[in-house]
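Trainee:
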Amino acid sequence: MQIEELFHTLKLLQQKYLPHLYKVLPEDEEEEGVIKMEDNKLTSSKKGLQKPVKLRELKRPQRSFNRQVSLETGFSVLGVESKAKDEKKVLWRSGRSFGGFDSANRVGAEARKGDFNIFRTKSTLSKQNSLLPTRKEKEMETQRAEGATGLNEPVNKSVPVGRYFDALRGPELDQVKDSEDILLPKDEIWPFLLRFPINCFGICLGLSSQAVLWRALSTSPATKFLHVTPFINLSLWLLALATLISVSVTYLLKCIHYFEAVKREYFHPVRVNFFFAPWVVCMFLAIGLPPMLEPAKLHPAIWCAFMGPYFFLELKIYGQWLSGGKRRLCKVANPSSHLSVVGNFVGAILASKVGWIEAAKFLWSIGFAHYIVVFVTLYQRLPTSEALPKELHPVYSMFIAAPSAASIAWGSIYSEFDGCSRTCFFIALFLYISLVVRINFFTGFRFSVAWWSYTFPMTTASVATIKYAEQVPSVLSKGLALCLSFMSSTMVSVLFVSTLLHAFFWNTLFPNDLAIAITKKRLVKEKKPFKKAYDIKRWTKQALTKNNSGDKEFNGENKVV
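Heads up, the sequence shown is in UniProt numbering, so the first residue is 1 and it goes up one at a time.
1) Where does Leu-168 sit, in a helix, a strand or coil, going by DSSP?
2) According to the neighbour-count rule (16 or more other Cβ atoms, all chains shown, within 10 Å of its Cβ), is Thr-377 buried or exposed?
3) Roughly how many angstroms separate the alpha carbons of Ala-450 and Ile-203, rounded to a whole number?
4) Are Ile-408 and Val-354 close, meaning C-beta to C-beta below 8 Å?
5) Quick one: measure Cβ to Cβ for Ile-302 and Ala-360, integer angstroms, because I've assumed they're closer than 8 Å.
6) Go through its chain and collect everything with a Cβ distance to Pro-269's Cβ below 6 Å, but skip five positions before and after it.
7) Could I get the ranges of all uninterrupted alpha helix (DSSP H) runs contained in the stretch 469-533, with 4 residues as the minimum, in chain order?
8) Measuring alpha carbon to alpha carbon, tell me which residue in Arg-522, Lys-177 and Leu-514 is nearest Pro-197.
9) Identify whether Ile-198 lies in helix, strand or coil by the three-state DSSP scheme.
10) With DSSP collapsed to three states, give me the class of Val-176.
11) Which parts of the stretch 252-302 are runs of the beta strand (DSSP E), unbroken and 3 residues or longer, counting only runs that do not cross its ends?
12) Check for me: the alpha helix (DSSP H) holding Val-436 runs from which residue to which?
13) Could you tell me the distance, in whole angstroms, from the CA atom of Gln-210 to the CA atom of Trp-190?
14) Who are the near neighbours of Leu-217 in its chain, counting only those whose CB is closer than 6 Å to its CB and skipping five residues on each side?
15) Can the beta-carbon of Leu-194 be found less than 8 Å from the beta-carbon of Tyr-258?
16) Given a threshold of 16 other Cβ atoms within 10 Å of its Cβ, counted over all protein chains shown, does Leu-10 qualify as buried or as exposed?
17) Considering only C-alpha positions, which residue in the set Leu-313, Leu-234 and Phe-284 is nearest to Leu-293?
18) Under 7 Å Cβ to Cβ from Val-176, same chain only, skipping five residues before and after it: list those, please.
19) Here's the rule I'm using: 16 or more other beta-carbon atoms within 10 Å means buried, otherwise exposed. How should Phe-375 be labelled?
20) Indicate the three-state DSSP secondary structure (helix, strand or coil) for Ile-182 in the structure shown.
21) In the DSSP assignment, find the unbroken alpha helix (DSSP H) run with Leu-329 in it and report its ends.
22) Excluding the 5 residues flanking Thr-459 on each side, which residues of the same chain have their C-beta closer than 8 Å to its C-beta?
23) With a threshold of 7 Å on Cβ separation, who are the neighbours of Ser-477 within its own chain once the five nearest residues in sequence on each side are excluded?
24) Reducing DSSP to helix, strand and coil, say where Arg-120 ends up.
25) Indicate the three-state DSSP secondary structure (helix, strand or coil) for Gly-324 in the structure shown.
26) May I have the straight-line CA-CA distance separating Leu-480 from Leu-226, to the nearest angstrom?
27) Determine the contact status of Gly-170 and Arg-215, defining contact as a CB-CB distance below 8 Å.
28) Helix, strand or coil for Ser-448 per DSSP?
29) Helix, strand or coil: how does DSSP classify Ser-407 here?
30) Would you tell me roughly how many angstroms separate the C-alpha atoms of Ala-348 and Cys-255, rounded to the nearest one?
31) Counting only the same chain and skipping the five closest in sequence on each side, list residues whose C-beta sits under 6 Å from that of His-338.
32) Specify, as a first and last residue, the run of the alpha helix (DSSP H) that Phe-345 falls within.
33) So, for Val-281: in the same chain, excluding its five sequence neighbours on each side, which residues have a beta-carbon less than 7 Å away from its beta-carbon?
34) I'd like the span of the alpha helix (DSSP H) that includes Thr-377, first residue to last.
35) In whole angstroms, give me the CA-to-CA distance for Leu-241 and Leu-285.
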C-alpha cells in the first residue's frame with residue numbers, strides 16, 4: 001500500500017509540473033497494471049519495488065527532453081513527439097529573416113511559406129489565423145504575434161524617403177544595392193500580386209495616348225492627305241479600355257490582399273507619381289473617343305469623375321513639396337514627377353471639351369506653375385536630388401510631356417494655336433531633339449513595364465506637332481508631324497511586342513519587386529572605428545586612475561579595521 005501511495009503521489013507531481021512529458025492512459029490499462037503489480041508482489045519484495053518503475057514505462061514511453069531554440073524568432077518549443085512523425089515541424093518566422101542572410105541556414109522550402117504574410121492586409125491575415133484547427137495553435141499564434149510586434153514594425157510603418165535612395169539604385173529606383181538586403185527571400189518566386197507594380201498603368205498610358213494620336217491623324221485637316229481610317233482609332237481605343245480594366249482589377253486585388261505592399265509603393269519617391277496614371281488614362285480615353293461613339297457634347301460629370309481624384313491626390317503631393325519636410329521637392333524630384341503635373345494639362349483639355357473654360361484655365365495655371373518648378377529643380381540637378389543618374393534612360397522622355405500637353409491645352413482653351421501655345425511647343429521640340437541626337441545612350445537597359453509610361457510623351461509631342469501644322473500649314477510642319485507620329489507609333493509597337501514576349505514566352509515581365517521589400521533601417525553591422533593612438537593612451541590613463549583610486553579606498557578600509 002505504501003508503494004501504491006508513493007506511485008500515486010509521483011503521478012500527481014508529474015501531471016502538475018511536467019504536463020508535456022506525461023501522457024495519461026485509459027483507466028483499463030491502469031487497473032491491469034495494478035493487478036499485475038499485486039500478483040508479482042508476492043514473489044519477491046525487491047522485484048516488487050521495481051514494478052512501479054516498469055509500470056510507468058508501460059504507461060508512458062520514454063521521451064527525450066530537448067529544447068529547440070529558433071535563432072530567427074527567439075521562441076523555443078519543447079521536443080514533444082507529434083502524432084505524425086514523418087511531418088516536418090518548422091518554426092515560425094518573422095519578417096526579420098532576410099533572404100540573403102539566412103538562405104543557407106533554412107530548414108527547407110517550407111520555412112519560407114509565411115514570409116509573404118508580412119505584406120498581407122491585416123484583415124485578411126486575421127481571417128486566416130481564425131481558421132487554425134486547435135486551441136493550442138491559436139494560443140501559440142497569439143504569443144508569436146505579441147513577440148513579433150517589434151519585428152514587424154518596419155513593415156507596418158512608412159519607410160523614410162531617404163531610405164529608398166540609400167537602399168535602391170537605378171533611374172526608377174527598382175534595384176537593390178549589393179550592400180542591402182530585403183525582407184523577403186530572393187531565391188523564390190513571389191506571389192503574382194506582390195510582383196504586380198503600379199507601373200503597369202504605364203501600358204494604359206501608352207495605348208490611350210495612341211488612341212488620341214490616331215484620332216487626330218484621321219480628323220485633322222493637316223493630315224487629310226494620308227486618308228487614315230477611323231477604325232484604327234476605334235481599335236486602339238477598345239484595346240486601351242480593355243487594358244485599363246484588366247490592370248485596374250488586378251491592382252485592386254493587390255490592394256485587397258497586399259495593402260502593406262501598396263502603401264510601400266505610395267511612399268516610394270518614383271512610384272508615387274504613377275498613382276496619377278489611372279486618372280490620366282481615363283481622361284485620355286474621354287478625349288480620344290472615336291467619332292462614331294462620341295456624343296454631341298461630353299457631360300461635365302465625366303470631367304468631375306476623372307479630375308476629382310487627381311486633384312485631391314495632387315493637393316497631398318504638392319503640399320509635401322511645399323511644406324519643406326523630408327519629402328520636399330528638391331529631395332524627391334525625378335523625371336517621373338512630370339506625371340503629377342501633366343494631368344493638369346490633360347484635365348484642362350477635357351474641361352474645354354465639356355464647356356468649362358474657366359476650370360480649364362484654372363488647371364492650366366496650376367500645371368504650368370508646378371512644371372516650371374519641377375523643370376528647374378531637375379535641370380539644376382541639386383546635390384540633394386539623387387534620383388537622376390549620369391547616363392541617359394527612357395525616363396528622360398518625361399521632360400517633353402508637360403510642355404507638349406500645355407501647348408495643346410492652351411490651343412484647346414482659346415481655340416487658337418497662338419504665341420503661348422507655340423512657345424510651349426518649341427520648348428518641347430527642343431527637348432525632343434536634344435534627346436534624339438543622343439539615342440545611342442538609351443541602349444543597354446533592362447526592359448521594364450515602366451517603359452510604357454515614357455511613350456506617351458512622344459505621342460503628346462506628335463499631337464502638338466499636328467496642331468501646329470494645322471495653324472502653320474507647310475511641307476516642313478506636315479513632314480515633322482508625320483515623322484514624329486511614325487516614331488511614336490513604332491515605339492509603341494516595339495514595346496507591345498516586347499511585352500507579349502516577356503509575358504508569355506520568356507515569363508520575365510514581372511520579376512520579384514525588390515523595391516517594396518527593403519528594410520526601414522539598414523541592418524548591416526557597421527565596423528567599429530579603429531581607435532587612434534591618443535585614444536588608446538587616454539583609455540589606459542583612465543584605467544590606471546581607476547585602479548589607483550580603488551587601491552586607496554581598499555587601504556583606507558584596512559586602516560579603519
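By construction, the Cβ of each residue, glycine as well, lies at the ideal position given by its N, Cα and C atoms. This one's a predicted model, so the numbers in the text were calculated from it and none came from an experiment.
Mentor: So, to answer that:
1) Residue numbering aside, residue 168 sits at position 168 when the sequence shown is read from its first letter. It is a strand residue.
2) On the sequence shown, residue 377 is found 377 positions in, with the first residue counted as 1. It is buried - the Cβ of Thr-377 has at least 16 other Cβ atoms within 10 Å.
3) Numbered from 1 along the sequence shown, position 450 holds the residue referred to as residue 450. Numbered from 1 along the sequence shown, position 203 holds the residue referred to as residue 203. Computed Cα separation, rounded: 8 Å.
4) Walking along the sequence shown from the start, residue 408 turns up at place 408. Walking along the sequence shown from the start, residue 354 turns up at place 354. No, the Cβ-Cβ distance between Ile-408 and Val-354 is not below 8 Å.
5) Within the sequence shown, numbered from 1, the residue matching residue 302 stands at position 302. Within the sequence shown, numbered from 1, the residue matching residue 360 stands at position 360. Going by Cβ atoms, the distance from Ile-302 to Ala-360 rounds to 14 Å, so no, they are not a contact pair.
6) Position 269 of the sequence shown, counted from the start, is the residue given in the question as residue 269. Closer than 6 Å at the Cβ level, and outside the excluded window around Pro-269, lie Val-161, Tyr-164 and Val-332.
7) 475-500
8) Position 197 of the sequence shown, counted from the start, is the residue given in the question as residue 197. The residue with the shortest Cα to Cα distance from Pro-197 is Leu-514.
9) If you number the sequence shown from 1, residue 198 lands on position 198. Ile-198 falls in the helix class under three-state DSSP.
10) Mapped onto the sequence shown, residue 176 falls at position 176. Strand.
11) Within the stretch 252-302, no complete beta strand (DSSP E) run reaches 3 residues.
12) Within the sequence shown, the letter at position 436 stands for residue 436. Where Val-436 is concerned, the enclosing alpha helix (DSSP H) stretches over 419-436.
13) What you label residue 210 is simply residue 210 of the sequence shown in a count that begins at 1. What you label residue 190 is simply residue 190 of the sequence shown in a count that begins at 1. Roughly 33 Å between the two C-alpha positions.
14) Walking along the sequence shown from the start, residue 217 turns up at place 217. Answer for Leu-217: Thr-223 and Val-228, listed in chain order.
15) Start at 1 with the first residue of the sequence shown, and residue 194 comes out as number 194. Start at 1 with the first residue of the sequence shown, and residue 258 comes out as number 258. Cβ atoms of Leu-194 and Tyr-258: closer than 8 Å.
16) If you number the sequence shown from 1, residue 10 lands on position 10. Leu-10 should be labelled exposed.
17) The residue labelled residue 293 in the question sits at position 293 within the sequence shown. Of Leu-313, Leu-234 and Phe-284, the residue nearest in Cα terms is Leu-234.
18) Indexing the sequence shown from 1 puts residue 176 at position 176. Here the set comprises Ala-167, Leu-168, Ile-182, Leu-514 and Ile-518.
19) Taking the first residue of the sequence shown as position 1, residue 375 is located at position 375. Under this definition Phe-375 is a buried residue.
20) Looking up residue 182 in the sequence shown gives position 182. Strand at Ile-182.
21) Here the question's residue 329 lines up with position 329 in the sequence shown. First-last of the alpha helix (DSSP H) with Leu-329: 329-332.
22) Translated into the one-based positions of the sequence shown, residue 459 becomes position 459. Closer than 8 Å at Cβ, skipping near neighbours: Gly-206, Ser-209, Gln-210, Val-212, Leu-213, Ser-488 and Val-492.
23) Mapped onto the sequence shown, residue 477 falls at position 477. Same-chain partners within the cutoff: Tyr-468 and Ala-469.
24) Here residue 120 refers to the residue found at position 120 of the sequence shown. Reduced to three states, the DSSP call for Arg-120 is coil.
25) Stepping through the sequence shown from its first residue, residue 324 is reached at position 324. It is coil, neither helix nor strand.
26) Sequence index remark: in the sequence shown, residue 480 carries index 480 (1-based). Sequence index remark: in the sequence shown, residue 226 carries index 226 (1-based). Taking the straight line joining both Cα atoms gives about 14 Å.
27) Taking the first residue of the sequence shown as position 1, residue 170 is located at position 170. Taking the first residue of the sequence shown as position 1, residue 215 is located at position 215. No, the Cβ-Cβ distance between Gly-170 and Arg-215 is not below 8 Å.
28) Reading the sequence shown from its first residue, position 448 is the one you call residue 448. If DSSP states are grouped into helix, strand and coil, Ser-448 belongs with coil.
29) Numbered from 1 along the sequence shown, position 407 holds the residue referred to as residue 407. Three-state result, Ser-407: helix.
30) Looking up residue 348 in the sequence shown gives position 348. Looking up residue 255 in the sequence shown gives position 255. The straight-line gap separating the alpha-carbon atoms of Ala-348 and Cys-255 is approximately 30 Å.
31) Locating residue 338 in the sequence shown gives position 338, counting from the first residue. Closer than 6 Å at the Cβ level, and outside the excluded window around His-338, lie Met-398, Ala-401 and Ala-402.
32) The residue you call residue 345 lines up with position 345 of the sequence shown. That run of the alpha helix (DSSP H) goes 339-354.
33) Walking along the sequence shown from the start, residue 281 turns up at place 281. Counting only Cβ-Cβ distances below 7 Å, and skipping sequence neighbours, we find Phe-201, Cys-204, Leu-205, Ser-208 and Leu-244.
34) Taking the sequence shown and counting its residues from 1, one reaches residue 377 at position 377. Thr-377 -> alpha helix (DSSP H) spans 357-380.
35) Residue 241 sits at position 241 when you count from the first residue of the sequence shown. Residue 285 sits at position 285 when you count from the first residue of the sequence shown. For Leu-241 and Leu-285, the distance between alpha carbons rounds to 8 Å.
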